[in-house]
Amino acid sequence: MRNLVLRIIINAIAIAIVAALVPGIQLLNDSFGTLLIIGTVFGIINALLKPILTVLTCPLVILTLGLFTLVINAILLLITANFLPERIAIDGFWPALLGGIIMSIVSMVLEGVFGLKDDDDKKKRDRD
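Sequential numbering of the sequence shown, starting at 4, is according to the numbering used here.
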């Protein structure tokens, strides 16, 4: 449960940073509650659709040596914006791509700071 809450907060922080840095991404209701809602929806969409999209586009992911996952992240960000049009607006694919790259970097750094990757690795070792 702790990891779930931390991941939602990490997504919310990443979205706030992306909205501040990328000109084509705007938060329409600039509050912490909005960020938590967007972070939750993005997390759910990411958990449900990313594995499916990765498997479906596996040849492209392999051909581009994994760089196509950045396109998948952009698509997931656009899907999140379509689910929450009253909270976040994205002006097209290129801002979503840049936003996805920044979100990936921020999430990776914050997961390292909060030790989420260490927790996941420990749980995986305990199962084996």
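Ideal placement from N, C-alpha and C gives every residue a C-beta, glycine not left out.
- Between glycine 27 and isoleucine 108, the C-beta gap is not smaller than 8 Å, which leaves the two residues out of contact.
- Of the residues Asp33, Leu9, Phe45, the one whose Cα lies closest to the Cα of methionine 106 is Phe45.
- Taken through DSSP and simplified to helix, strand or coil, leucine 100 comes out as helix.
- The continuous stretches of beta strand (DSSP E) do not include leucine 80, which lies in the alpha helix (DSSP H) extending over residues 71-86.
- For leucine 38, the three-state secondary structure derived from DSSP is helix.
- For asparagine 14, same chain residues with a beta-carbon under 6 Å away, outside a window of 5 residues either side, are Gly42, Phe45, Gly46 in chain order.
- Three or more beta-carbon pairs separated by less than 8 Å are not found between the stretch 33-40 and the stretch 109-119, which leaves the two stretches without contact.
- Membership of leucine 30 in the beta strand (DSSP E) is indicated by the continuous run 28-30.
- Leaving aside the five residues that flank phenylalanine 71 on each side, the residues in its chain whose CB is nearer than 8 Å to its CB run, in chain order, Thr60, Leu63, Val64.
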